[in-house]
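Colleague: Here's a structure for you.
Protein chains in written order, with UniProt numbering: chain S, 1 to 643; chain G, 1 to 489; chain A, 1 to 230; chain E, 1 to 313.
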């Protein structure tokens, strides 16, 4: 068992080191093949650990310079290992093709080398068995992903994104670090604590720290702002991994912490629930308005994080009030959604990456008509859309179903005050779901359907087969996971949580075939492909179509309070007294609320302090001696005072 | 009497440097001296039996540890200097005549540092520390530019004036011991032995005054002002030594002195004093880092930050904290020296020492891929990424500090985050600058002797950061015990 | 016999004079006077050392007195004069933060502060009129007054004199700790080296001719413009 | 999946398909009468469908596979959804898929397909229609979910089968909360089927149309399928309201008489409701598009009120 595991680690390491050390043309195909092997092996390796009977297995035990490191697998980590295995398989299939079409030379080696290492670091985070090991791998994950985000460093936006990412990830480290230190103080050991409880304020403080640390990493609002900058800036396979796997890894940590470290408490639950609701609703609101295809996907990751947080929060609340059945349902929903989100978000990012590369733009308004040009890519994207829009029986539906069930179930169980909270959560949750559908109708419809709106989109061509084979794997798993969800839950030992969607799927399939057959046999089969309604214009032009902004305008109007706009204008004058107006520009733009009202003010404040402090260093030796003089006086005063 | 070899070798080398005048031989001698010191140190470390043979040397785990760090840094710097100084001479930045001054000063500096570490007497220690100031000031000014002379003068003024206070402290200490035992003494070991009986008021005065000078020596705020300028303007080989070895001399003094304090009644006050200064140091350094536009100033401020962090470990005063403080010292020296070396390559590439104003770095990855990558690795190490030693010492010291107050690690971690952002922000701002086609400088080919020490130091720091070298733990624990702190870690 | 009885008073008078000389050092503007004051201050140290020899009979203090006489009363001042001549600076007219009257006021406050603070700590061990106590207060005060000089004088050469005065303060204090002074001599040597180095950097640069040095020093703000030019 | 379930499925689906066009025409007829017109024949719906099925089908030359799949998928999704809602007979054994959330999300699926279809044809109206449709659906969805959550809460079952059964068994003494729920349910019917004041199914005016906008480019059998699925959707939503508020007549055991009775009673109930809808539509004017959220708030208010009242009791 542990040998096999070490072999898998070796495979990942090898596939990371090979392109970093050997500079041969297309060496990354070799590395990809190894990574495929690693992914498949990892999936197979983790499957038996899922069984209800399997206990925690220690795979490796050692010391990292006096600190204990344990690597072990249990059922929760096995679930995420499988996700990681599948994602690495599909990314490995996808990456070589993507790299071939990327510009720059040396960075290709770096990207292809860092991807497996990044995956490995996440694997180790998931399998870490001591808080110290967790911290080590968590940090490695952060730094590796930072370098990957930085790939296209020539672009100003990328550098901004990576700096933002680094700052936030450092902040996350601060919290996680602190949380782990506090746990170490409370328990006196580096082992994962088990169900801490008690009135020690340190316990709650440690929870808060860990939660905020994880929240930053998984893009919980208001700590999210780095995410829509960083995820799109990275090359698409990396975006897929960051959105698909890194967020899942953070969520794994959340599950581990919330369910394992602390005795569930009401306060914990409501805290998570509140952040979850905020994240889900605002995340999808921002996603809806986003014009950058990858940015839209990134925001949608935030919204899914929110959904998962809601599930986790519900778990804590229900557990604290003593409804284990409901709690289990909520947690199952959250975990399942985390997995399925990993899958379909990976799928969406990979296919979106192909599209962006082919069209040479990430702006949805400049796309259109891609489906005809890239049918495979488009088809798999569509499956991703169906999943994320939680269309039954695709996988995205299951998580929402379970969480909704537990919410509605909780409605009839809890005390009146909590019921009201549940209603609020319920309506926000469903609002999120509906807006997600709208968002992805926009994302799919305006990107793939209708007429191309730019030259780039017109010239887009289908990618080579491995680049849609990777997404195909994800699409298959994503669909299968939904269809067989009932069976999967029974296999895991939780039967009867949800209706049998296999039947639903078969019914849908059968009915469609029946309807088709009926229409085919009884109705007229005459078909013509022509111009349909063209308003009397001779040919519909792409300029007549709805754009992304137009599409979402009604929602923006409905939720005007949330989308704050800001008017900007610049004027130029002919004379210095600013009397003779020369020219100017003006407009309205959507306010980046969190960035402009939260992040930038803080950054400016810190910068002000920094400039204040660095003005101490003014180059004047007299000033320097003065510091010494004053300090000595103060010290003498302290001496006299303390005696 | 193995230890006697240190001064003997130093003398021999200095004599040879007087006789031999060719550039080659001078640089060769420059390498031989620290490497020999390194070998002797290693020998001493593995054979504890010979430690107590000479009354003129204080040889214990602690001094050997600091000496080890020092000789590693000096060896690396001397190897680096072979190529670096050669480049300076070729480009005309360094006059041929100054060459001998440089190598002579370099060897003398090593000798002074060695003596400072091994001397059993506090006053002698003070004198050697003063000597290191003078000699490093000489090395800083060796390029004879307005900026370097300015920096070196500031160094002398701030450090020497502060060091005078230290001497007052030493006198107080002496008097305190005399009051207790009737016979004054300045031997580290004896004072440590007598520490418990000393008058608390006297001892506290002694400590505070002593602290002023050595804080200035190790760049503790507000005595740090000389450091960013001196380290930034010195030739990179010298900056590395200053940051990696000379700062440690100051810390060594504070360590020993705190060890003495540990046995007295005033340790609580000393601890608070150290922690407060450490936190002030770290905050000033980290915030200043955010505004630095020059690479070497940035790295220099990061040295201040790290010194503050080591002092935090000392201030906490538990054996665990001291253990990790020593560990941090080792790791920081290796990483910082490596970083200054990388920065030196960039300075050669972009001719920075001869210019004023902002660094003009561009086409970084095209012109200097090696320096760029090692710089990146060094920054990652400074930020405290796992695989590098600073991460571990961060965990160790912060864990110990959490026992004092939970807010210390929170605050310090935020400062570390700040420093990390500052480093990366700088790196990001230079990495993408492109010179217009044809206007960039010709690539500077760094000789192998400049690349080798960087690789060695980075490898060394990764080794330290990932595995415990056999006996390392026991050795460090013993070093902590030598200082007068408890035995167990 | 008489000498041993007179000696304490003698030493006290000298100590007070040392402080007074410190005050002069702060207030004097002419560089020549500065050097002369420093010379006087060093000479007072010699006298204190001699007084201590009489009082406590440590002959090693004689050695100290001799060394001080040679280095501080004759050697260093002569060297500084030499440099001053080469730089053609007569007056120190630019100050930062405090002009001489302010500096004097401040130094009075400092003496008071040091006295009060040290009294707090040392009263348990020493009588208020013991020589050690007096020596420590005056020594530390002198060091701080020297520091004021370093801080407020803009010209490097006056800073150097301030530094030397600080050192004298340490020496004053050290003289009262018997057995110790042996080491103090090392200190003097070290500081001589520092001084030599420092001034040599400033006067001759590392290797340049006088003209080149001046053109370099023009921008060098440690030297004031009116002082640096001839 | 036993025989009973299969029988139920076939019966229910067949019944829904059969009566849906009729209900559509009833509403049209009522509206026409109110406006003083004669109105279409009550069986005109069936003629229309037959006509459309016989006609040629046009596809836009820019359209992809969405246009080909959507009509069939939309209808079959609604037919599968129809299994969730028993019209005339509630079988003993619940279906394995019976779940109110599945029903809701199936409706969403249908809407998603139609919205994509609107974009697929590359016409401006299609985009406009789907934009409006999706925007409205975004804000009606919380209302829908809360209404159904209230239903689940009041009736104590997660499937509509169970809800109907509860309504049936507690029929004479049903609590006022169910009456309260009928208001949001009614509004849901209006919204989901695109009726005045939210949408106007009669016109193809670009200022007002929502649902029709998306279907503007469909023709022939595809249009027929969409019309049919629209009608089915309306019937299903009506059935929910009817079988909760007036649960009388639903067969609880399998017998020919009970089924016929159930069918007849449902037809009657449905016709009455259609008349009400028709009158309601005639009484109101089309709302401004951006006023519509206010209308939804009424539904939201009532559903939350239901829950609160139930909590208080």
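Ideal Cβ positions, reconstructed from N, Cα and C, are used throughout, including at glycine.
Output the residue ranges of the alpha helix (DSSP H) runs that lie fully inside the stretch 230–294 of chain S and measure 4 residues or longer, sorted by chain position.
Modeller: 236–241, 247–255 and 266–289
Colleague: Taking 7 Å as the threshold (beta carbon to beta carbon), is residue 155 (chain A) in contact with chain G?
Modeller: no
Colleague: With a 10 Å radius around its C-beta and 16 neighbouring C-beta atoms as the bar for buried, classify residue 41 (chain E) as buried or exposed.
Modeller: The residue in question, residue 41 (chain E), is exposed, as its Cβ has fewer than 16 Cβ neighbours within 10 Å.
Colleague: Would residue 52 (chain E) and residue 229 (chain E) qualify as a contact pair, given that the criterion is a beta-carbon distance under 7 Å?
Modeller: No; because the gap between Cβ atoms is not below 7 Å, this pair is not in contact.
Colleague: Determine, using beta carbons only, whether residue 73 (chain E) comes closer than 7 Å to chain S.
Modeller: Closer than 7 Å to some Cβ of chain S, the Cβ of residue 73 (chain E) qualifies, so yes.
Colleague: Residues of chain A with a CB under 7 Å from the CB of residue 171 (chain G): which are they?
Modeller: 173, 174, 177 and 180
Colleague: Answer with yes or no whether the minimum CB distance from residue 6 (chain S) to chain G is below 7 Å.
Modeller: Interface residue (Cβ-Cβ distance to chain G less than 7 Å): residue 6 (chain S) is not classified as such.
Colleague: Taking the alpha-carbon of residue 92 (chain S) as reference, which of S:112, S:81 and S:338 has the nearest alpha-carbon?
Modeller: S:112
Colleague: With a threshold of 7 Å between beta carbons, is residue 196 (chain S) in contact with chain G?
Modeller: Using a Cβ-Cβ cut-off of 7 Å, residue 196 (chain S) does not count as an interface residue toward chain G, since no Cβ of chain G sits closer than that to its own.
Colleague: Listed from N- to C-terminal order along the chain, which residues in the stretch 109–136 of chain A have their beta-carbon within a distance smaller than 7 Å of any beta-carbon of chain S?
Modeller: 113, 114, 116, 117, 120 and 121
Colleague: Below 8 Å on the Cβ atoms is my guess for residue 195 (chain G) versus residue 264 (chain G); work out the distance and round it to an integer in Å.
Modeller: 5 Å
Colleague: Roughly how many angstroms lie between the CA atoms of residue 422 (chain G) and residue 416 (chain G), to the nearest whole one?
Modeller: The alpha-carbon atoms of residue 422 (chain G) and residue 416 (chain G) are separated by roughly 10 Å.
Colleague: Would you verify that the beta carbon of residue 246 (chain S) is, or is not, closer than 7 Å to some beta carbon of chain G?
Modeller: no
Colleague: Please classify residue 153 (chain S): does DSSP put it in a helix, a strand, or coil?
Modeller: coil
Colleague: Just to confirm the assignment, what range does the alpha helix (DSSP H) spanning residue 51 (chain E) have?
Modeller: 44–54
Colleague: Could you tell me the distance, in whole angstroms, from the CA atom of residue 105 (chain A) to the CA atom of residue 320 (chain G)?
Modeller: 48 Å
Colleague: Just how far apart, CA to CA, sit residue 207 (chain A) and residue 107 (chain G)?
Modeller: Per-residue confidence for residue 207 (chain A) stands at a pLDDT of 32, beneath the threshold of 50, marking its modelled position as unreliable; the derived number appears in the next sentence. Distance between the alpha carbons of residue 207 (chain A) and residue 107 (chain G) is about 21 Å.
Colleague: Indicate the three-state DSSP secondary structure (helix, strand or coil) for residue 60 (chain S) in the structure shown.
Modeller: strand
Colleague: I'd like to know whether the C-beta atoms of residue 85 (chain E) and residue 239 (chain E) end up nearer to each other than 7 Å.
Modeller: Cβ distance < 7 Å, so residue 85 (chain E) and residue 239 (chain E) count as in contact.
Colleague: Taking all protein chains shown into account, do 16 or more other C-beta atoms lie within 10 angstroms of the C-beta of residue 500 (chain S), making it buried, or fewer, making it exposed?
Modeller: buried
Colleague: So what's residue 126 (chain A) in DSSP terms, helix, strand or just coil?
Modeller: coil
Colleague: Can you tell which of E:285, E:223, E:120 and E:90 has the C-alpha that lies nearest to the C-alpha of residue 166 (chain E)?
Modeller: E:90
Colleague: Going by Cα to Cα distance, which pick from G:91, G:82, G:30 and G:120 is closest to residue 252 (chain G)?
Modeller: Taking only the C-alpha atoms, the option nearest residue 252 (chain G) is G:120.
Colleague: Output the residue ranges of the alpha helix (DSSP H) runs that lie fully inside the stretch 412–491 of chain S and measure 4 residues or longer, sorted by chain position.
Modeller: 416–448, 455–459 and 465–483
Colleague: Residue 30 (chain A) bridges to which residues according to DSSP?
Modeller: Bridge pairing for residue 30 (chain A): A:91 [DSSP].
Colleague: On the three-state DSSP scale, how would you describe residue 208 (chain A)?
Modeller: Bear in mind that a pLDDT of 38 at residue 208 (chain A), under 50, signals an unreliable position, so the number given afterwards is only what the model happens to contain. The answer is coil: DSSP assigns residue 208 (chain A) none of H, G, I, E or B.
Colleague: Name the residue from E:92, E:118, E:19 and E:107 whose alpha carbon lies nearest to the alpha carbon of residue 219 (chain E).
Modeller: The candidate whose alpha carbon is nearest that of residue 219 (chain E) is E:118.
Colleague: Could you check if residue 545 (chain S) is buried or exposed, using at least 16 other CB atoms within 10 Å of its CB as the buried criterion?
Modeller: buried
Colleague: Tell me whether residue 10 (chain E) is buried or exposed, calling it buried when 16 or more other Cβ atoms sit within 10 Å of its Cβ.
Modeller: Flag for residue 10 (chain E) reads exposed.
Colleague: With DSSP collapsed to three states, give me the class of residue 530 (chain S).
Modeller: strand
Colleague: Use the C-beta contact count for residue 249 (chain E): other C-beta atoms within 10 angstroms, 16 or more gives buried, fewer gives exposed.
Modeller: buried
Colleague: Taking the alpha carbon of residue 407 (chain G) as the reference point, which residue from G:168, G:276 and G:37 has its own alpha carbon closest?
Modeller: Nearest C-alpha to residue 407 (chain G): G:276.
Colleague: Just checking: is the beta-carbon of residue 609 (chain S) within a distance shorter than 7 Å of some beta-carbon in chain E?
Modeller: Interface annotation, residue 609 (chain S): not in contact with chain E, CB-CB separation never under 7 Å.
Colleague: Which partner residues of residue 584 (chain S) appear in the DSSP bridge assignment?
Modeller: The partner list for residue 584 (chain S) (beta bridge, DSSP) reads S:571.
Colleague: Classify residue 618 (chain S) as buried or exposed, calling it buried when 16 or more other Cβ atoms lie within 10 Å of its own Cβ.
Modeller: exposed
Colleague: Using the Cα positions of residue 386 (chain G) and residue 135 (chain S), report the straight-line distance between them to the nearest angstrom.
Modeller: 9 Å
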